[in-house]
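Each protein sequence line maps, in turn, to chains H and X. Under the working numbering, read the first sequence as residues 2 to 68, first letter to last. Under the working numbering, read the second sequence as residues 348 to 544, first letter to last. Here a beta-carbon is modelled for each residue, glycine too, at the ideal position from N, C-alpha and C. So the structure is just underneath, and the comments pick up after that.
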Amino acid sequence: MNGKEINNKRIFMKPGKNNQEDRENFIKYWAEFINNNEDEEWSKQQNALINSQIRNAGEKVTIKDSY
Amino acid sequence: MEYNKEKKLIKSGRTLNDLDKFVLKIIRVLEKHTEYVLISGYISILLGRARATEGVDFFIKRISLEEFRELYEELQKEGFWCLNAEKAESIYKYLDDGCSIRFSKEGIPVPNAEIKFPKKKSDYDAFTDNITVELKDGRIKISSLERHIAFKRYYLKSDKDNEDALHVEELFREKLDFDKVKRLKEEIENEWERNKQ
Numbered sequence: 002m003n004g005k006e007i008n009n010k011r012i013f014m015k016p017g018k019n020n021q022e023d024r025e026n027f028i029k030y031w032a033e034f035i036n037n038n039e040d041e042e043w044s045k046q047q048n049a050l051i052n053s054q055i056r057n058a059g060e061k062v063t064i065k066d067s068y
Numbered sequence: 348m349e350y351n352k353e354k355k356l357i358k359s360g361r362t363l364n365d366l367d368k369f370v371l372k373i374i375r376v377l378e379k380h381t382e383y384v385l386i387s388g389y390i391s392i393l394l395g396r397a398r399a400t401e402g403v404d405f406f407i408k409r410i411s412l413e414e415f416r417e418l419y420e421e422l423q424k425e426g427f428w429c430l431n432a433e434k435a436e437s438i439y440k441y442l443d444d445g446c447s448i449r450f451s452k453e454g455i456p457v458p459n460a461e462i463k464f465p466k467k468k469s470d471y472d473a474f475t476d477n478i479t480v481e482l483k484d485g486r487i488k489i490s491s492l493e494r495h496i497a498f499k500r501y502y503l504k505s506d507k508d509n510e511d512a513l514h515v516e517e518l519f520r521e522k523l524d525f526d527k528v529k530r531l532k533e534e535i536e537n538e539w540e541r542n543k544q
């Protein structure tokens, strides 16, 4: 499963009427994705976001220190 | 992810990220010296929420200055430093005064662990109903999901905090005790009112 389909049926996210509702709808969509996919699959996607933040933060310190 | 409510255990087969590895490393030191419970935003992230954070919050059970010296010494040996002060006495004084202290890997302030002693009844209660998240490479004690939701929704209340609560509600809706969330909401609100006076 590529994560966009559940039991061979593609799931869709309902767009929100405003920014906050849209954010909440995405959280619901993502929770459904987690509940319907292997832990390794969703965590791989989440980790790309988290690791990039942490590695960027570490790089900033290194760059600053090198001046 | 599987949540066994009776065993108070969540089994997660997630691939660990750099934040998880940081948390497991600091926990391995903390738990040799005192009891801990992890609270707030990292709980939602550990359970899959798609956001990052700079700090991971912990309560640790109160320890003496001498015990803290031993903990601090081991943290330093493992490559952590304190962002707030250097001497053990100064750091301990912050803790004793009810402040949080932050530890990160030396020279790298993000991510960091924000550590504090419990002060209020609800802080102490976080130790009594905690649950365990079992990962491939370790175990993490977190506050109960109901306490996490109540704290986020009715104490912190920002958009980010409400979204953190929503994520956990959506994931475990059928296993959550929403009566407990309601009871905790009342406790939190009463406690907040008392502290205001």
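Put simply, the CB of Glu461(X) is far from chain H, with every gap to its CB atoms at 8 Å or more.
From the beta-carbon of Asn36(H), the residues of chain X found nearer than 7 Å are Leu518.
At a cut-off of 8 Å between C-beta atoms, Glu41(H) counts as an interface residue with respect to chain X. The Cβ-Cβ distance between Ile392(X) and Arg398(X) falls below 8 Å. Every alpha helix (DSSP H) of 4 residues or more that sits fully in the region 375-453 of chain X is shown, in chain order, as 388-393, 412-424, 435-443. In this chain, Ile12(H) is not harboured by any beta strand (DSSP E), its DSSP state being neither H nor E. Within the same chain, Leu371, Leu482, Lys483, Asp484 come within 8 Å of Leu363(X) by CB-CB distance, once the 5 residues on both sides are set aside.
Neighbours of His495(X) in chain H, taken as residues whose beta carbon is under 9 Å from its own, are absent, since the nearest beta carbon is some 15 Å off. Not a single C-beta of chain H is nearer than 8 Å to the C-beta of Arg486(X). In this structure, Ala473(X) and Phe369(X) do not form a Cβ contact; the two beta carbons are roughly 21 Å apart against a cut-off of 8 Å.
Given a length threshold of 3 residues, each whole run of the beta strand (DSSP E) inside the region 476-533 of chain X is given here in chain order: 478-482, 485-489. With a beta-carbon spacing of about 11 Å, Phe415(X) and Cys429(X) fall beyond the 8 Å limit used to define contacts. Boundaries of the beta strand (DSSP E) harbouring Asn459(X): 455-463, taken from the DSSP string.
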